[in-house]
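Mapping of the sequence shown onto my numbering: residues 460 to 780, in sequence order.
Even glycine gets a Cβ: it sits at the ideal position worked out from N, Cα and C.
Below is one structure, written out as C-alpha cells; the observations come after it.
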Amino acid sequence: MKRWIAFLPLMLILTGCSTSEKAEAPQSKEKTHRIAVVPKGTAHSFWQTVLAGAEKAGKEHGAQILWKGPSDEKDTQGQIAIIEDFINSKVDAIVMAACDAKALVGTVQKAMDAGIPVVTIDSGVDSDLPLSYVATDNVEGGRIAARELAKLIGDKGKVGLIPFIKGARSSEERERGFREGIAEYPNIVLAATLYSQSAISEAMKAAEDMLTKHPDMAGIFAANEPGVVGAKRVIEQRKLVGKVKLIGFDASEAEIEGLKSGTVDALIVQSPFRMGYDGVGAAIKALKKEPLEKRIDTGVTVVTRENMETPEARALLYPGK
C-alpha cells in the first residue's frame, strides 16, 4: 500500500503532462503553395535575376518556387512540354514568360481549365486568359531607345536594329516602339533590321552584316542582352568605339562593363527582379482570391555612364546588392 501511495504523485504528474501536451498541440499549418515559374530561357543573367525576385516573394509568402525553363528561348515546344508537366503534377499556380505569344495560348487555356491560375511576366500571350501580365512597357521602352539613339547621333544618319525572336511579344513590342520612335526623325534612316535569335553569335553576325553593308552606320539598337553583347564585340573588334553608337536593353554584367568602357552608350534597364517578385506576388493573390491588377508595369530607366553610380541606377544594375 505504501508503494502505491508513493507512486501515485508520479502518475498524476505524468498524466498531467500528457493532458497538457494534447491541449497545446499545434493546429495544422496553412498549405504551402507550389508555384511553377517558367522563364523563356535559362542561359542569360536576366532570368537569374527574375529567379531571385521570385524566390524572395516565395520566401515571404511561404510558397515553394519550382523553377524550370528551356535553355534556348526559341524552344517553344520544350516550354510547352515543361508547362504541361507542371499542369499534370497539379501545381497551385503558374508564372510564365512565353517563348511565343501565339503558340502558348492553348497551354495557358489548358492550365486555366485545370483550375491553375496563370500569370505572365516579361513576354505575354495573345490572349486575355492570364490573370495578370507583369512586364515592362516594351513599346515605350523601344521609343525611349530611339530617342536616346537619335540624340547621340545628332538626329541624322543610318541606324540598325537588332531585335531577338520573331513571335516573342517583348521582341516585337520593342521593335515596334523603336520603329515608331525613329519615324519621328526625318533625317534618320533605319537601314537594317536583323534578328539575334537571342544568341551572341547570331548577334555578332547581324552586326557584322550591317556594318559591312553600311560602313557609314551611325548607331545600333540591340533589343536584349545577347544582342547587345554581340554588337558590342563587333564594334570593339572593328575599332568603332565612339564612332558607332550602341543603345542596349537590359543590364547584364557584360553590358554594364560595356557601359563603363564606352562601347555601350546607354542601356534601357528593366527590373527583372520585380518581374519575378511581382509575378509570384500576383499568383499568391490569385490563390487567395484577392483583387488583382490585370497589367503591372515594372518600368524602364535610361542608364548612362553619367548616371550609373547614382543610388537609383545602382539598385537596377545590381539588384539585391
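Asked, Found
"Could you compute how far the alpha carbon of S730 sits from the alpha carbon of I755?", "12 Å"
"Examine the Cβ distances between the stretch 564-576 and the stretch 638-648 and report whether three or more of them are shorter than 8 Å.", "no"
"DSSP state of D668, grouped into three classes?", "helix"
"What's the gap between the Cα of I624 and the Cα of S655?", "7 Å"
"For my contact list, G494 and A552 are in at a C-beta cut-off of 8 Å; report their separation, rounded to the angstrom.", "Note that residue 494 corresponds to Ile in the displayed sequence, not to Gly. About 5 Å; that satisfies the 8 Å criterion."
"What does a CB cutoff of less than 6 Å around L681 pick up in its chain, not counting 5 residues either side in sequence?", "Before going on, a small fix: residue 681 reads as Ala here, not Leu. Here the set comprises I621, V687, A690, G707."
"Going by beta-carbon coordinates alone, are A513 and Y777 separated by less than 8 Å?", "no"
"According to DSSP, simplified to helix, strand and coil, what is A774?", "helix"
"What residues in its chain sit with their C-beta under 6 Å from that of A772, if we drop five residues either side in the sequence?", "V762, N766"
"For Q507, I'd like the list of residues in its chain whose CB is within less than 6 Å of its CB, leaving aside the five on either flank, ordered along the chain.", "none"
"Closest to D596 by CA distance: which of P750, A742, I727, A745 is it?", "I727"
"Taking three-plus beta-carbon pairs below 8 Å as touching, is the stretch 581-591 in contact with the stretch 518-527?", "no"
"Under three-state DSSP, which class holds S660?", "helix"
"So, using beta-carbon positions, are A666 and V618 closer together than 8 Å?", "no"
"By Cβ distance below 7 Å, which residues in the same chain neighbour N646 in space, the five residues on each side in sequence not counted?", "D614, K615"
"Let me know if P529 comes out buried or exposed under the rule of 16 or more other beta-carbons within 10 Å of its beta-carbon.", "buried"
"Mapping DSSP to helix, strand and coil, what is M801?", "Because the chain here runs from 460 to 780, residue 801 falls outside it and cannot be looked at."
"Rounded to whole angstroms, how far is the Cβ of S657 from the Cβ of P685, which I believe are closer than 8 Å?", "5 Å"
"Apart from the five residues on each side of it in sequence, which residues of its chain come closer than 8 Å, Cβ to Cβ, to L588?", "V564, V567, Q568, M571, V577"
"In angstroms with no decimal places, state the Cα-to-Cα distance between R764 and E749.", "42 Å"
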